[in-house]
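Structure record follows, encoded as structure tokens.
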Amino acid sequence: MFPVPGYEQFCNDLSTLLSTYPPSFIYVQDIESIRTTFGVIDAVLQDVSGATPLESTFKVHYVRVDTISCFTTRLFFETVINTLVGWEPKWEDGCTNWSPENELKWNENLDTFLHGLRAAHQHLCQQHGIGTTDKGKGKQRESSYEDVRFVIVVERAERLKENLPELIVPLTRLAEMARIDLTVIFVSQVGWEHIRPPLGASPDPYFMDIQGISKDNIAKSLISNFSSLSISEDILNNPYHPALASLYTHFIITLCDICFPFTHDPQELQYIAAARWPGFVKPVIDAYSQQLDERMDEDGLEFTPPSEEVRVRLIRYFNPTFTSALEALLPRLTNATDWAKANEPPPNLLSLPRTSSAITSSTSKADSSSIRALPRMSKFILVASFLASTNPPKSDLRMFGRGLDEKKRRRRATAKTSGKTKSGAASKIPQRLLGPAAFALDRMIAILGGLLEENDVDTRMGGLAKEFKIPGEYTDTEIGRVGVYSTVMELASMGLLHRTSPPDRLDGPPMFKCAVSYETTLLLAKELDVALNDLLWDPM
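When we follow my numbering, the leftmost residue of the sequence shown carries the number 151, and every step to the right adds one.
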């Protein structure tokens, strides 16, 4: 069984190489999930090193060296030799390193390190009985290996270029310098061309590129970890009870659908799942606990998995929290425990009314209070975004245009009656019923300028009235500042604006959608003294 679904081909290739005639230098590159690759390589090496003499003629001893912790040559050499021979320095013995002879010091330079590798190889050959012959027949015993093979895995090899550049060339030629059966594996997120020493000092490695893991394989990997996480048989204290396996499967599928476009690392997705799953399953456990309290006279009340209706209800309620967990936990702005406590659902969630207003009443109050605490410019941007998402683009000139004829400046269309028009065609559905529409950032900035010019120019100018004599000059200066664009990105990170265009898009301006309701926008407009209903193309 392979450790992670999707790594089957890589595991077969690496296992075959290490069991037969491997090259002296292998380079493994994984751009997306390097920590998962570390675990897969370790699982393959454990399987190869545990092979019996009947399965393999070579006894494999391996070591994994992390270039972050081994930042000096002495630490690097000591880690390699001590791990290969299975030696662990102890404080009681003075933390001495392994040595077949007390006078030999093999961690001083590269030359002594090569002598240490040969000594360790000879020591392990004697330990496994390699090279001994039977007294009567003069043949090597059939129950022993023919030779000992060393495998040195250098994790995050790109760090060698910064910390230990003098070791790159010797490590790539370590087998020919030590003259023993040895293979060095570099594992890195960057290509070999970024690490390769100049002037052809290192030989070209055997390249092994890790392909990106598919979403289905990541979901299978996360689901397979469920059974190993169960630590208690009591379902009231164990969110990973076997009876919750089917619900956990739907939870992981939903999590991967939302978070997979942003990260393909299974360990990052597992970290997000560990933070969200206890709160996700808490309403189900609370409902079962409530049933136990109601039926105290009955013994052996069996837990039944939640129905499909309950699953859909939970996914609808917790769906927005997956994105917030990704934004907070992926850059490690907080840890999983603190995030889970801050985003814990209310008790007995399933017993509350099914209307969205009843379920989200506590969160909506917190959101409205946090929005009202925003700076004044952020509030104007939210109002401008709401108008840009609600009004059609053709109405901007009529609603916010400034010219000689001030009477035409705020002309808006009257509300039409529902049903059919005189020609028999269906009337157009108001935009407020269709939901917020996407708008370009330039259009929202223009609407913001109109709002600031009408409602905030006197407050913001103060003593700068003498410097700006042309009408609208100060407002144009304000909306062109970098702080306005950084505020837009901050509101998008808070979830008050949704970006609909890809971040790497170069053609055209960025596109956004307003994520603030009409009631919240109306409260902000009253604080800013903005007549919101007069600026809507279809009045509420």
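All C-beta atoms in this analysis are idealised placements derived from N, C-alpha and C, irrespective of residue type, glycine included.
For this session: Starting from I218, trace the alpha helix (DSSP H) both ways and give me its first and last residue.
Result: Taking the sequence shown and counting its residues from 1, the one referred to as residue 218 is at position 68. Segment: none, I218 is in no alpha helix (DSSP H) and carries neither H nor E.
For this session: Within the segment 393–421, note down every full beta strand (DSSP E) run reaching 3 residues or more, in order along the chain.
Result: none
For this session: Note down the Cα distance separating S257 from A478, rounded to an integer number of angstroms.
Result: On the sequence shown, position 107 is the one that residue 257 refers to. On the sequence shown, position 328 is the one that residue 478 refers to. In the sequence as displayed, the identity of residue 257 is Asn instead of Ser. Using only the alpha carbons, I get a separation of about 43 Å.
Exercise. Got a sec? Which residues, its chain only, sit under 6 Å from E296 by beta carbon, not counting five neighbours each side?
Worked result: Counted from its first residue, the sequence shown places residue 296 at position 146. If we look at E296 and ignore the five residues flanking it on each side, its Cβ neighbours are T207.
For this session: Return the chain-ordered list of same chain residues with a C-beta closer than 7 Å to the C-beta of T671, the five sequence neighbours on each side being excluded.
Result: Counted from its first residue, the sequence shown places residue 671 at position 521. L532, V533, F536, L682.
For this session: Output the boundary residues of the alpha helix (DSSP H) element that contains V235.
Result: For this step, residue 235 is matched to residue 85 along the sequence shown. Where V235 is concerned, there is no enclosing alpha helix (DSSP H), given that its DSSP letter is neither H nor E.
Exercise. Under the three-state reduction of DSSP, which class applies to K255: helix, strand or coil?
Worked result: Within the sequence shown, residue 255 is the residue found at index 105, counting from 1. K255 falls in the coil class under three-state DSSP.
Exercise. What's the C-alpha gap between R461 and P455?
Worked result: Your numbering for residue 461 matches position 311 in the sequence shown. Your numbering for residue 455 matches position 305 in the sequence shown. The alpha-carbon atoms of R461 and P455 are separated by roughly 10 Å.
Problem set entry | Same chain, Cβ closer than 8 Å to K370, neighbours up to 5 away in sequence not counted | As a position in the sequence shown, residue 370 is number 220, starting the count at 1. Excluding sequence neighbours, K370 sits near P155.
Exercise. Among the residues of its own chain, which have a CB less than 7 Å from the CB of C245, if the five just before and after it don't count?
Worked result: Working through the sequence shown from its first residue, we reach residue 245 at position 95. Excluding positions up to five away in sequence, the list reads P239.
Exercise. Going by beta carbon distance, what residues of the same chain come within less than 6 Å of C664, once the five residues before and after it are set aside?
Worked result: If you number the sequence shown from 1, residue 664 lands on position 514. Excluding sequence neighbours, C664 sits near S535, F536, S539, P586.
Exercise. Are the CB atoms of L674 and K529 nearer to each other than 7 Å?
Worked result: Within the sequence shown, numbered from 1, the residue matching residue 674 stands at position 524. Within the sequence shown, numbered from 1, the residue matching residue 529 stands at position 379. Yes, they are a contact pair.
For this session: Confirm, please, whether the CB-CB distance from T322 to S352 is below 7 Å.
Result: On the sequence shown, residue 352 is found 202 positions in, with the first residue counted as 1. On the sequence shown, residue 322 is found 172 positions in, with the first residue counted as 1. Yes, they are a contact pair.
Exercise. Do you know how far the Cα of V337 is from the Cα of E308?
Worked result: Here residue 308 refers to the residue found at position 158 of the sequence shown. Here residue 337 refers to the residue found at position 187 of the sequence shown. Between E308 and V337, the C-alpha separation is close to 9 Å.
Problem set entry | Residue range of the alpha helix (DSSP H) that includes L524 | Position 374 of the sequence shown, counting from 1, holds the residue named residue 524. Careful: L524 lies outside any alpha helix (DSSP H) and carries neither H nor E.
Exercise. N259 and N247 look like a contact to me (Cβ under 8 Å); what is the Cβ gap, rounded to whole Å?
Worked result: Along the sequence shown, read from residue 1 onward, the residue named residue 259 stands at position 109. Along the sequence shown, read from residue 1 onward, the residue named residue 247 stands at position 97. So it is not a contact: roughly 15 Å between Cβ atoms.
Exercise. How many angstroms separate the CA atom of L646 from the CA atom of D679?
Worked result: Numbered from its first residue, the sequence shown carries residue 646 at position 496. Numbered from its first residue, the sequence shown carries residue 679 at position 529. About 21 Å.
Exercise. Got a sec, what are the start and stop residues for the beta strand (DSSP E) R329 sits in?
Worked result: Taking the first residue of the sequence shown as 1, we reach residue 329 at position 179. That residue, R329, is in no beta strand (DSSP E); it is neither H nor E in DSSP.
Exercise. So who's on the other strand from R179, going by DSSP bridges?
Worked result: Taking the sequence shown and counting its residues from 1, one reaches residue 179 at position 29. Checking the sequence shown, residue 179 turns out to be Gln, not Arg. Looking at the DSSP assignment, Q179 forms a beta bridge with S338, D359.
Exercise. Going along the chain, which residues of its own chain have a beta-carbon closer than 6 Å to the beta-carbon of E316, five neighbours each way excluded?
Worked result: If you number the sequence shown from 1, residue 316 lands on position 166. So no residue of the chain qualifies.
Exercise. Which one of S501, D546, Q159, Q417 has the shortest CA to CA distance from I184?
Worked result: Residue 184 sits at position 34 when you count from the first residue of the sequence shown. Among S501, D546, Q159, Q417, the Cα nearest to that of I184 is on Q417.
For this session: Using three-state DSSP, classify D163 as helix, strand or coil.
Result: Sequence index remark: in the sequence shown, residue 163 carries index 13 (1-based). Correct three-state label for D163: helix.
For this session: Kindly list the residues whose CB is nearer than 6 Å to the CB of T187, restricted to its own chain and excluding five residues on each side of it in sequence; keep chain order.
Result: What you label residue 187 is simply residue 37 of the sequence shown in a count that begins at 1. For T187, where only same-chain residues beyond five positions count, the Cβ hits under 6 Å are D180, I360.
Exercise. Quick one: what does DSSP say E452 is sitting in, helix, strand or coil?
Worked result: The sequence position of residue 452 within the sequence shown is 302, counting from 1. Of the three classes helix, strand and coil, the one that applies to E452 here is coil, per DSSP.
Exercise. Which of helix, strand or coil does DSSP assign to Y390?
Worked result: As a first step, residue 390 is located in the sequence shown; it is residue number 240 there, counting from the start. Note: Y390 maps to coil in three-state DSSP.
For this session: Could I get the ranges of all uninterrupted alpha helix (DSSP H) runs contained in the segment 613–678, with 4 residues as the minimum, in chain order?
Result: 623–629, 632–643, 668–678
For this session: With 7 Å as the threshold, decide whether the Cβ of G599 is near any Cβ in chain D.
Result: Note that chain D does not occur in the displayed structure, where there is just one protein chain.
Problem set entry | Beta-carbon proximity list for F453, same chain, < 6 Å, skipping 5 on both sides | Position 303 of the sequence shown holds residue 453. Excluding positions up to five away in sequence, the list reads I385, A393, Y438.
Exercise. Would DSSP call L682 helix, strand or coil?
Worked result: In the sequence shown, residue 682 corresponds to position 532, counting from 1. Of the three classes helix, strand and coil, the one that applies to L682 here is helix, per DSSP.
Exercise. Contact check, M358 vs D163 under 8 Å by CB: the rounded distance?
Worked result: For the purposes of this step, residue 358 is taken as the residue at position 208 of the sequence shown. For the purposes of this step, residue 163 is taken as the residue at position 13 of the sequence shown. Indeed, because the Cβ distance is near 7 Å, the residues count as touching under 8 Å.
Exercise. Which residues in the same chain as P173 place their Cβ atom closer than 8 Å to its Cβ, once the five residues preceding and following it in sequence are excluded?
Worked result: For the purposes of this step, residue 173 is taken as residue 23 along the sequence shown, with counting starting at 1. The answer, listed in chain order, is L167, T333, P355, Y356.
Exercise. Roughly how many angstroms lie between the CA atoms of G286 and L274, to the nearest whole one?
Worked result: Counting from one through the sequence shown, the residue named residue 286 turns up at place 136. Counting from one through the sequence shown, the residue named residue 274 turns up at place 124. Note on G286: pLDDT 45, under 50, position unreliable in the model; no value is reported.
Exercise. Roughly how many whole angstroms lie between the Cα atoms of H278 and K209?
Worked result: Translated into positions along the sequence shown, residue 278 becomes position 128. Translated into positions along the sequence shown, residue 209 becomes position 59. One C-alpha to the other measures close to 8 Å.
Exercise. In terms of residue numbering, what span does the alpha helix (DSSP H) encompassing E312 cover?
Worked result: Counted from its first residue, the sequence shown places residue 312 at position 162. Taken as a continuous stretch (DSSP letters only), the alpha helix (DSSP H) holding E312 covers 310–313.
Problem set entry | Nonlocal neighbours in the same chain, by C-beta distance under 8 Å from I435, ignoring five residues either side | Your numbering for residue 435 matches position 285 in the sequence shown. Only I385, L386, P389 meet the Cβ criterion.
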